[in-house]
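Beneath this line is the structure, given in structure tokens, with notes to follow.
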């Protein structure tokens, strides 16, 4: 069991409060996912030629300033570091390939969570309330976000196994459910030269979809192929630079509910996570149909 | 009328009150539950002839295992509303998610809106009346009871059903294994009328078709060619 939440704020006046609006949603999913939590938030752009790299270090006392200093010294390009406990966002105009190689060589224990112009990712073990408090989710601003609370059923409880998973740039996915063929998917993708960081089933789905889109499929086509290839149960919520997208497996084995309001679109595994949203009684509530793709644009 | 506010007490406190204290209060015939906010297991295991109004949206298993109580939800509900109900009634003014009325033995479940998948799965004698449509795999392995669907039915209606009978007013996307459409009799029209009246829905029973099990799965047929 896991909990998923998504929030896309249409009213620009509410965007500085997106974190505050999301907090009761994430906390509401504690019983569905008490062992880890994570958030991907799309906010201020890193700038035209820059990207944000969300980084994670296991050590809470990790010296991020030194990493920033080394980055600038070694690569001759300014890397801006924004630290939140053991997470940091590194903003730079260097290519992802260059940054990844440098990280692997000099800081092999620092985990790269995401790359993108707009997206920051935070994930860790602990209850949703603890994780949210640790990284200040409640104070974040942005246009849209994807959150997850995890109750692990198929792989270890570690920050790397927590959701969201990312692949490519400004693209993330959270999953409620379980896949029965992640190993064959992983083997198939590894033959395509795609590297994996964990043995998690969701990572296999994430890299499968990202691979399809990199091969030229649009999200709709990639998901159609996903329905053919992904065996198991899933409600998947995806975030891109300007949209949220939701699908459920053919048997709708895992729950989801949507609230569409003039000011926002909110998605959660259960209504109890939507109950605290402002004016939710005037939102249009509906349960997404199996094997249908729902997309909401910023 | 007694009023219980789930912003002030927990669902566990509420249910313990409903199970232990309420039956002692012979004068309380009606009570309301405020601020359900999608919480689970509200008013499960009722065993008292009282009217309960839930003012808002419920979570999973609202009115599960109900005996004697008449429960009205003024909103939507999550999975498994009135699951394993024995008697009494549960009415949902909004829509219901998956497995509405699952395994119900008796009583009446009325959903004014749609239900999601697997409505009436393994029903064992409950009556279910749905004002809207039901999702895929509804009535799977339904053993006994009646289900009236005023809207459409999704894929696989009544798959592997036993002695239950369904009445569908709208379109049936597909019937499940062994389910078949049958001719309506006068007794069927009377049944549909009785259930629609109970629910307060105004439709002409003539608009409904009957779906029941062909009973071809009751016995193993050694002569049939098997594909597995």
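Chains as they are written, first to last, in our numbering: chain W, 461 to 758; chain V, 1156 to 1383.
Glycine included, every Cβ here is placed at the ideal spot set by N, Cα and C.
Put simply, the CB of residue 1212 of chain V is near chain W, with a gap under 7 Å to one of its CB atoms. Separation of residue 1157 of chain V and residue 1328 of chain V (C-alpha to C-alpha, rounded to the nearest whole angstrom) is 45 Å. With a threshold of 7 Å between beta carbons, residue 1331 of chain V makes no contact with chain W. When W/646, W/475, W/754 and W/689 are compared, the shortest CA-CA separation from residue 600 of chain W is found for W/475. Under the DSSP definition of a beta bridge, residue 1301 of chain V partners with V/1282 and V/1320. With the rule of 3 Cβ pairs closer than 8 Å, the segment 1347-1363 of chain V counts as touching the segment 1291-1305 of chain V. Runs of beta strand (DSSP E) with 3 or more residues, each lying fully within the segment 597-656 of chain W, are found at 604-610 and 632-639, listed in chain order. At least one C-beta of chain V is nearer than 7 Å to the C-beta of residue 712 of chain W.
C-alpha of residue 1237 of chain V to C-alpha of residue 1298 of chain V: approximately 17 Å in a straight line.
The shortest CA-to-CA distance from residue 1240 of chain V to any of V/1275, V/1182 and V/1321 is the one to V/1275. Comparing C-alpha distances from residue 682 of chain W to each of W/693, W/702 and W/706 shows the shortest one belongs to W/706. In the three-state reduction of the DSSP assignment, residue 462 of chain W falls in the strand class. Excluding five sequence positions before and after residue 710 of chain W, the CB atoms of its chain that fall closer than 6 Å to its own CB belong to 750 and 751, given in chain order. Within 8 Å of the CB of residue 1253 of chain V, the CB atoms of chain W belong to 712 and 715, in sequence order along the chain. Put simply, of W/542, W/546, W/536 and W/680 the residue whose alpha carbon is nearest the alpha carbon of residue 554 of chain W is W/536. Taking CB atoms only, residue 1168 of chain V has no neighbour in chain W less than 7 Å away. Note that the C-beta distance between residue 1252 of chain V and residue 1233 of chain V is below 7 Å.
Within the segment 742-757 of chain W, the residues whose Cβ lies closer than 9 Å to some Cβ of chain V are 745, 746, 747, 749 and 750, listed in chain order.
Secondary structure remark: continuous alpha helix (DSSP H) runs of at least 4 residues inside the segment 650-718 of chain W, in chain order: 661-674 and 679-689. In the DSSP assignment, residue 531 of chain W falls within the alpha helix (DSSP H) that extends over 524-535.
Within chain W, the residues whose beta carbon sits less than 7 Å from that of residue 1234 of chain V are 715, listed in sequence order. DSSP places residue 579 of chain W outside any alpha helix (DSSP H); the residue lies instead in the beta strand (DSSP E), whose first and last residues are 579-585. According to DSSP, residue 1346 of chain V shares a beta bridge with no other residue.
For the segment 1309-1334 of chain V, there are no residues whose beta carbon sits under 7 Å from a beta carbon of chain W. Beta-bridge annotation (DSSP): residue 1244 of chain V is paired with V/1225 and V/1263. In the three-state DSSP reduction, residue 1311 of chain V falls in the coil class, being neither helix nor strand.
Taking a Cβ-Cβ threshold of 7 Å, none of the residues of chain V is close to residue 492 of chain W; the smallest such distance is about 11 Å. In the DSSP assignment, residue 744 of chain W forms a beta bridge with W/720.
One finds 1193, 1214 and 1233 in chain V with Cβ atoms closer than 7 Å to the Cβ of residue 730 of chain W, taken in chain order. For the segment 1270-1281 of chain V, the beta-carbon criterion of a distance under 8 Å to any beta-carbon of chain W is satisfied by 1271 and 1272. Straight across, the Cα-Cα distance linking residue 1191 of chain V with residue 1337 of chain V is about 42 Å. With a 10 Å radius around the Cβ and a threshold of 16 neighbouring Cβ atoms, residue 1318 of chain V comes out exposed. At a cut-off of 7 Å between beta carbons, residue 735 of chain W contacts chain V.
Here residue 479 of chain W has 597, 598, 599 and 600 as same chain residues with Cβ atoms under 6 Å from its own Cβ, once five neighbours each way along the sequence are excluded. Excluding five sequence positions before and after residue 1198 of chain V, the CB atoms of its chain that fall closer than 8 Å to its own CB belong to 1169, 1170, 1173, 1188, 1207, 1209, 1217, 1218, 1221, 1224 and 1226, given in chain order. Judged by their CB atoms, residue 733 of chain W and residue 485 of chain W are nearer to each other than the 7 Å cut-off.
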